[in-house]
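Remarks on the structure that follows.
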Amino acid sequence: MRIKNKPAPTAAEKRHIERVAAMDCVVCGAAGPSEVHEPEQGLWFASMPLCPACHRGPEGWHGTRLRWTLRRINELQAINKTHEGLNA
Ligand SMILES: [Zn+2]
Ligand SMILES: [Zn+2]
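According to my numbering, the stretch in the sequence shown is residues 478 to 565, in order.
What follows is the structure, given as structure tokens:
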């Protein structure tokens with residue numbers, strides 16, 4: 478999902494993105510590989526692994542966020558959980 482004028486990830490960012498993508502969905506636990514969501518464009522080190530439903534689905538982050546609400550998790554908690562997983 479490259480957008481025009483979006484800078485390409487650096488080598489270090491790419492390595493991090495690959496590690497995050499290999500993880501299970503941080504919201505519902507669906508088995509990875511996952512999609513990688515950035516809270517803001519280019520904030521790759523704050524990115525998180527999400528399954529398609531929790532990411533782009535109608536009840537995902539870019540939709541109504543119902544899947545997030547039901548599991549009582551917000552974006553900051555998801556970032557924290559991602560780092561917990563990366564350092565496990
Ligand atoms: Zn999910
Ligand atoms: Zn996203």
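Where is the CB? At the ideal position from N, CA and C, for every residue including glycine.
Return helix, strand or coil for H532, following the three-state DSSP convention. helix
Out of P529, Q518, R533, which has the shortest C-alpha to C-alpha gap to N482? Q518
Collapsed DSSP secondary structure at L520 in the structure displayed: coil
On a CA-only basis, which of E561, L553, E515 is nearest S572? Give me that one, please. This structure leaves residue 572 out entirely; the chain is present only between 478 and 565.
Taking buried to mean at least 16 other C-beta atoms within 10 Å of its own C-beta, is R544 buried or exposed? buried
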